[in-house]
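Each residue of the sequence shown is one higher than the one before, starting from 1 at the first, in my numbering.
Positions of the beta carbon are idealized from the N, C-alpha and C atoms, including for glycine.
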Amino acid sequence: MTYDGLYDDEQALGMGPSAQGCLHAIIMLLVLGVLAGFTAIVHSAWQQTRGTTETPATPVPLSPYFTDEVLYWSGRIQHWSKIYHLDPYLVATVMQIESCGNPRAVSHAGASGLFQVMPYHFAADEDPFNPDTNARRGLTFLREMWRRADGDVAKTLAAYNGGPAQLRRAADAWPWETQRYVRWGTGIYDDARAGRTDTPTLQSWLHAGGARLCAHAREVLGLRRNPTLLPTESR
């Protein structure tokens, strides 16, 4: 309805100039009030949407069970876990035993980055040492293995380490390296999920060569030169 229409209606009702003036003023105040209220509602809704988009909820921190080099990536681990629909403790466990958080790590077999992804998983123009790129390739594969394993963590880790063929084999038929990988991975994962403060499985991994891996990670990340865990320490 236009204002011209309102004026025509008022004159048709036989209102005098004075009454019409008062009514006009009242109507204008009402219209302005409605517009102001509507503007406030729209602005409030926009602010809420804007806040939701730009200010995500603070993620629950990872268990301090993991080494400092892995906890360095805590925020990214939470972010990647949401993107690839994975348990952040599983993501942290894989990072722990694959690279100890060293984005420049390279294995003798040629695997690289935080999640030790083989070269054939990358496109020609991709940087395997870019943390997000490495996570995309590594965690996409991890998610697929988790799906095929029906959420069985041991089988998921076996497939991540030894390939999808391990899903069709009995655990005692896995290669020795894969069996050891799964033993460390499931132990670290279970202890971290349980909120343990002692680290028997993590200590075993560190003594088996993980400490050297973490020392390299500390250097690359620029963390204080301090052993991750000494043999006599517990977290």
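In this structure, the beta-carbon distance from Ala217 to Glu69 falls below 8 Å.
With contacts defined as CB atoms closer than 8 Å, Leu206 and Val182 fail to qualify as a contacting pair. Counting of Cβ neighbours within 10 angstroms places Arg137 among the buried residues, the total reaching 16 or more.
Taking a 10 Å sphere around the C-beta of Gly185, we find 16 or more other C-beta atoms and assign the residue as buried.
When the five nearest sequence neighbours on each side are left out, the beta carbons in the same chain lying within less than 8 Å of the beta carbon of Gly110 are those of Met118, Pro119, in order along the chain. For Gln179, the enclosing alpha helix (DSSP H) has its first and last residue at 176-193. Under the Cβ criterion (8 Å, minimum of three pairs), the region 61-80 counts as touching the region 189-209. With the rule of 3 Cβ pairs closer than 8 Å, the region 86-95 counts as touching the region 150-164.
Judged by their CB atoms, Leu86 and Trp146 are nearer to each other than the 8 Å cut-off.
Just so you know, the alpha carbons of Thr178 and Ser107 end up roughly 16 Å apart. With a beta-carbon spacing of about 24 Å, Pro128 and Arg148 fall beyond the 8 Å limit used to define contacts.
Across the structure, Cys214 and Pro103 are spaced so that their CA atoms are roughly 11 Å apart. Secondary-structure assignment with DSSP links Val117 through a beta bridge to Ser112. At least 8 Å separates the beta-carbon of Cys100 from that of Thr133. Pairing Tyr189 with Tyr72 gives a Cβ-Cβ distance that is not under 8 Å.
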